[in-house]
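Report on the structure given below.
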């Protein structure tokens, strides 16, 4: 390095000038290069670092800070200076819960035919209603079982108290305790069987617009919930008991408003109940049904976003179509068959033919039932299409005709 510096000075002197910064810059470059070479050689010669050994958990000694934190946590759980034994419950402050230890409860779900009569029905009903108002679910379950026995075997004693009984049953149906809810649903089914149409005024307080006080709304919500399977099965049995025990015309009137419920699962269960109700209705019920309202509800269901609701809508459309073709829908609706036949045949009435057609129309309307049963399939399809188009908007008509298998869909 010294030789390089002297050579740079010598060259500068020979050039006749003073010592310039050129020689100094060259010297600095040489120094930096040599220093970097030395560092690289040192790294190459340095031994590889020894692997870091992980501390052994068993040999780890807790620090004073860790010991203090553990003592503070133990004090929060078991009290100052307290410790917990293996057989002690984990409770705050090291104290056990106050009151008696909870006893194991086994709930027996008796079928209706297994219920036995009571010696004093009036007294038993008073005690049962008091138990139904209890906040203890075991006591409320006992009251429900007493109510079931009174309703099945002593209906006359229970009849004056229906206005009080149904809200109490509704409270238990909506309980989060599955055993209590199922017992209440079974009690509702027994009330439906025992009182039939007499139970309808207390079935749907508030209706679909205010379902908080409606037993019907609670049953539909339970059927659509993700509750335990044995609760869902009890709801299905209660809906069947309701359908078999009350007038289908009155029941349909109460079911129809729920076809626009905001919960799609409730709409699906409603559609199934509605389809089953009209499918089991007799001729007298079909004559009293508001078939146009049924058709509008079916149109909403077949366009629903829930597969179960769409399937129920198709079943409802099929039931209405079959009843219409069989002449079970009442004289006002059967007259549409003769009208539709004339439209399909393209009858153009003039002054003479119109008079003859009016005579023929009166005869056709008088025998509307026979026309509905004996008309050819093409005429019946035409009548069905005409009936649907007269009562539904165009978008709904397409879905209903497609669901009914109409050739004009």
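In full-length UniProt numbering, the protein residues as written are 1 to 409. For every residue, glycine included, the Cβ atom is placed at its ideal position computed from N, Cα and C. Computed from a predicted structure; not experimentally measured.
Using a Cβ-Cβ cutoff of less than 7 Å, which residues in the same chain neighbour residue i once the five nearest sequence positions on both sides are dropped?
i	result
residue 247	197
residue 140	131, 132, 134, 172 and 180
residue 221	266
residue 299	392, 396, 399 and 400
residue 234	182, 185 and 186
residue 207	214 and 257
residue 304	264, 267, 310 and 313
residue 203	215, 216 and 254
residue 317	298, 302, 400, 403 and 404
Can you tell me whether residue i is buried or exposed? The criterion is at least 16 other CB atoms within 10 Å of its CB, across all chains shown.
i	result
residue 145	buried
residue 411	No answer is possible for residue 411: the residues shown for the chain start at 1 and end at 409.
residue 230	exposed
residue 271	buried
residue 32	exposed
residue 477	Because the chain here runs from 1 to 409, residue 477 falls outside it and cannot be looked at.
residue 75	exposed
residue 68	exposed
residue 284	exposed
residue 64	exposed
residue 22	Confidence is the limiting factor: at residue 22 the pLDDT is only 47, short of 50, which leaves the residue's position unreliable and the question unanswerable from this model.
Can you tell me which residues form a DSSP beta bridge with residue i?
i	result
residue 214	204
Rounded to whole angstroms, what's the CA-CA distance from residue i to residue j? Just pull it up for me.
i	j	result
residue 269	residue 255	11 Å
residue 297	residue 217	17 Å
residue 326	residue 236	30 Å
residue 280	residue 104	44 Å
residue 120	residue 258	41 Å
residue 113	residue 191	14 Å
residue 310	residue 210	25 Å
residue 286	residue 250	12 Å
residue 212	residue 301	24 Å
residue 394	residue 116	57 Å
residue 295	residue 388	8 Å
residue 165	residue 402	46 Å
residue 151	residue 243	18 Å
residue 282	residue 324	13 Å
residue 136	residue 100	14 Å
residue 261	residue 307	16 Å
residue 226	residue 73	40 Å
residue 28	residue 62	55 Å
residue 219	residue 232	9 Å
residue 86	residue 167	The pLDDT assigned to residue 86 is 45, lower than 50, so where the model puts this residue is not dependable, and the model offers no usable value.
residue 201	residue 252	14 Å
residue 290	residue 110	39 Å
Using 8 Å as the threshold, is the C-beta distance between residue i and residue j below it?
i	j	result
residue 155	residue 125	no
residue 315	residue 275	yes
residue 386	residue 321	no
residue 195	residue 159	yes
residue 278	residue 312	no
residue 228	residue 178	yes
residue 162	residue 199	yes
Beta-carbon within less than 6 Å of residue i's beta-carbon, same chain only, minus the 5 sequence neighbours each way: which residues are those?
i	result
residue 175	181
residue 193	241 and 245
residue 369	Residue confidence is low: residue 369 scores 45 on pLDDT, short of 50, so the model does not pin down where it sits. Its coordinate-derived value is still stated next. For residue 369, where only same-chain residues beyond five positions count, the Cβ hits under 6 Å are 327.
residue 292	391
residue 138	105
residue 188	169 and 238
residue 143	128, 131 and 132
residue 149	115 and 118
Whose C-beta lies closer than 8 Å to the C-beta of residue i among residues of the same chain, with five residues either side of it excluded?
i	result
residue 153	115, 116, 117, 118 and 121
residue 224	263, 265, 266, 268 and 269
residue 70	62
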